[in-house]
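In this note's numbering, the protein residues as written are 76 to 1071.
Yeah, the Cβ is synthetic: ideal placement off N, Cα and C, and Gly gets one too.
Computed from a predicted structure; not experimentally measured.
This is how it looks when you write it as structure tokens:
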């Protein structure tokens, strides 16, 4: 049978449909090409729907309105469903209406559950559902059961109804699930929809395990419970009492889905990989910073970094792809047949694989994938540990010790019951390294009998019989230090209280959470890891919640990788993971293999992180195209345990070997070194910061790094926002020039409310109109200025009361608009944020200066001079500027900043489209009136005249034309300027403090 992905679907054909027959013919043609058995005008149903495929009724429509569709569904649609039931004794699974623009999915109560716009994806999803393929890979599984599938649509409706009918938001399982997610997600996104998605996926993966391991002929709730016990009997804590167990109570849901899954064969070792990615709402997933690692890259990284037998942790394991690849490598080494009994070394290697994730559904998915890996060798499961734990790996749960007068040292286990919080006592000694594995064995023994007996006494007796004599003697019969009570007595009471909660129907997850946090503590107490291989979350500080922000700052300071106040919003969680995770879990000399945002190599916020103080033997993967929708790289190295204290030790880390790979095949294309274009030192005796990493050949093409004498003199202009309130167009001048009629100037880049015109043709006193800059009107050697309304008096002071009545009225209006829309003061936050325009209330001297030279903070490097003796022209924040009284000095600097080779160099070393003050990393010495400097100044003035004339006369301004007009003069400037730029000696370490 042909796969839907193999056929060509021409969407334009159905978009051009002019009648119902065209829609029907389009889909019937596809059904025919797929060899799909369908019945046209089904005779069993008197109403004769257009098509019946299996138990799905399909009807085609054209140009149908919402009202017409609703009327048809409630008459004919309802009739079809009832007739189907009367003839076959069961209801159809779906009623689908297809028009030229949408696919509508109705349940048997003719409630519209979803409508999908007609496109390739929605059609393929429909076809996969109709086909019910026998052999399914990860991609097909996601199409069949994912969020765009008809099956998901109906399932969600049933889950939601049960959840709402049983006050699901007031249950402990929902509140605990939500608590875990709020560690990383914003509160408003962590709600019912996400919980139901996770519950749905949990049901699917449990049903697949049920099919593969229990192998029932048909679903039954009792045999389904055997699934939970099956793995516990094999020593694997899997799904007992997880957050999503409630799904088995949704009437008929598991039955319906098992009947579909039972017929399928799953060929992928990571069958849940694709659907897992869908099951978190896209915006929420990106807020968590999850970008999933493609299987070929996982394989490449595992083959490079993992040696069989090593103790390995994926601290953000997702669906378990890295861990599966480790399993595969173990199998490759031992080359065992399914019937072979593996040697102890095989089990030791498997049991040394660990995974953590903050996402509860990731934990279930990863466990299910790892177990399914052994479905043909299930006899091995009894000797295999599935070491997957629910854990915020960067901030693992720490037990706080408390003192009890009768019990001695105890840990408090918190049980949130919505209406109250209980704290249960665990003897501290049970969680110490000596006893913790025995304590976990006791928990597992409880798992196996938790629902077997009606009394706690029977349950406790069964646990006592299940554990070994050694555990009984070493743990339960041991006496608590400084007390006469035994550890066993305290534990008996602890589990009794949990059991009472269960009997009151308040326990659903506490045993699961207890087992989980004890498992995490075991990992922390036992031998550290040999390898951490992971793709950490890629959140930035500005997207994190309050708790995570505090943690990111704290850890950044701990490792001295905090980028400082100006860049703090760009702290990256992935970089914090790179430093903190090895400290928590990796032994000295252990290895790292991290998928990272490429910003670790190039961005200014990571200049301290690129010292790699805690690592050595570093290597990097880069790629020829996007692996995710954000540039990434991979970093490998050895963890040395503690920072090297030397100020200049960062130099010894470089160059780093880089392997350039094809982003799809992962084949190596080339190999090269990476090294920073320079090392900077901001203060004496401080460690170096490491600038953007580049190739050696790029370094050779750069101008020599040698800070300009003007590096500290250029400052950023004023914010002057919102532009639509301040910048204006003159529409007329009246009263002998005393008043001007203005309208707002709206930037093409304006967004939201600032795209609106908040006033029309108002009169203002002309003395309140000034000139300001925007980088969008900066050209080589010339800048056009914009008329701008500002609330300054004749002394250039902010004093609205001294303005004329028209200006004062207008100022009051736009101030109120800004206050209403932005809840802030227009002068303090909009115009003068961080005092970049005024010192106090008076325009600062640098802005008042007649002569100012400037260059943009982003995009193309150009420069121009403002020469305004009236002192009424000001520089905005899109530009950096330097004020001077020397006209020749300004034009000399302007000429140097217009040199094309300087721009090319700046572009190479900039980490983003913003280059900020990087043009001043090069030798532009102070103006001293040398012949070269004077000549550059004169040529720059001549260029300004040419460009100014062209810009004022041209209907459409073209940069290429400007460069043609000034070509000969610019060439001379560049010849003289490059001689100056090249005259300085390259500085390996730029000591910025020497220029203060």
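Excluding its 5 nearest sequence neighbours in each direction, residue 833 has C-beta neighbours in its own chain below 6 Å: 892, listed in chain order. Membership of residue 957 in any alpha helix (DSSP H) is not indicated; the residue belongs instead to the beta strand (DSSP E) covering 954-959. Taking every protein chain shown into account, the CB of residue 204 has 16 or more other CB atoms within 10 angstroms, so this residue is buried. Out of 632, 624, 677, the CA that lies nearest to the CA of residue 986 is found in 677.
With respect to residue 458, residue 422 sits close: the two C-beta atoms are nearer than 8 Å. Residue 233 sits buried, since 16 or more C-beta atoms from the chains shown fall within 10 Å of its C-beta. Counted as a single uninterrupted DSSP element, the beta strand (DSSP E) harbouring residue 177 occupies residues 177-181. Going by DSSP, residue 1047 is part of no beta strand (DSSP E) but of the alpha helix (DSSP H) stretching over 1042-1057. Taking the Cα positions, residue 928 is about 19 Å away from residue 1007. In the structure shown, residue 542 falls within a coil segment according to DSSP collapsed to helix, strand and coil.
Apart from the 5 residues on each side of it in sequence, residue 752 sits with its Cβ closer than 7 Å to the Cβ of 766, 767, 769, 774, 777, 780, 984 in its chain, given in chain order. At the C-beta level, residue 868 and residue 803 stay beyond 8 Å of one another.
The shortest CA-to-CA distance from residue 673 to any of 634, 619, 1048, 610 is the one to 610.
Between the C-alpha atoms of residue 392 and residue 279 there is a straight-line separation of about 20 Å. Here residue 969 is near residue 856, since their CB atoms are less than 8 Å apart.
If you draw a straight line from the Cα of residue 327 to the Cα of residue 161, it is about 20 Å long. By a beta-carbon distance limit of 8 Å, residue 511 does not contact residue 383. Their separation comes to about 27 Å. Distance from the CA atom of residue 460 to the CA atom of residue 442, rounded to whole angstroms, is 10 Å. Beta bridge pairing from DSSP links residue 989 with 933. The beta carbons of residue 483 and residue 564 sit no closer together than 8 Å.
Secondary structure within the region 433-505: the alpha helix (DSSP H) runs of 4 or more consecutive residues, fully enclosed, are 435-447 (chain order).
As computed with DSSP, residue 731 is found in a beta bridge with 749. In this structure, the alpha-carbon of residue 489 lies about 38 Å from that of residue 639.
At a Cβ-Cβ threshold of 8 Å, residue 847 and residue 951 count as neighbours.
The Cβ atoms of residue 997 and residue 783 lie closer than 8 Å to each other. One Cα belongs to residue 827, the other to residue 619, and the distance between them is close to 24 Å. The Cβ-Cβ distance between residue 799 and residue 823 does not fall below 8 Å. Closest by C-alpha distance to residue 910, out of 590, 864, 1021, 793, is 793. With contacts defined by Cβ atoms closer than 8 Å, residue 990 and residue 1059 do not form a contacting pair.
Inter-segment contact for the region 643-652 and the region 688-706 is absent: fewer than three beta-carbon pairs are separated by less than 8 Å.
Taking the C-beta atoms as reference points, residue 517 is found nearer than 8 Å to residue 546. Taking C-beta atoms as the reference points, residue 654 and residue 689 count as a pair closer than 8 Å.
For residue 87, the uninterrupted alpha helix (DSSP H) run begins and ends at 86-90, by DSSP.
Residue 437 and residue 448 have their alpha carbons spaced roughly 16 Å apart. For residue 671, the three-state secondary structure derived from DSSP is strand.
Around the CB of residue 1068, fewer than 16 other CB atoms lie within 10 Å, so the residue is classed as exposed.
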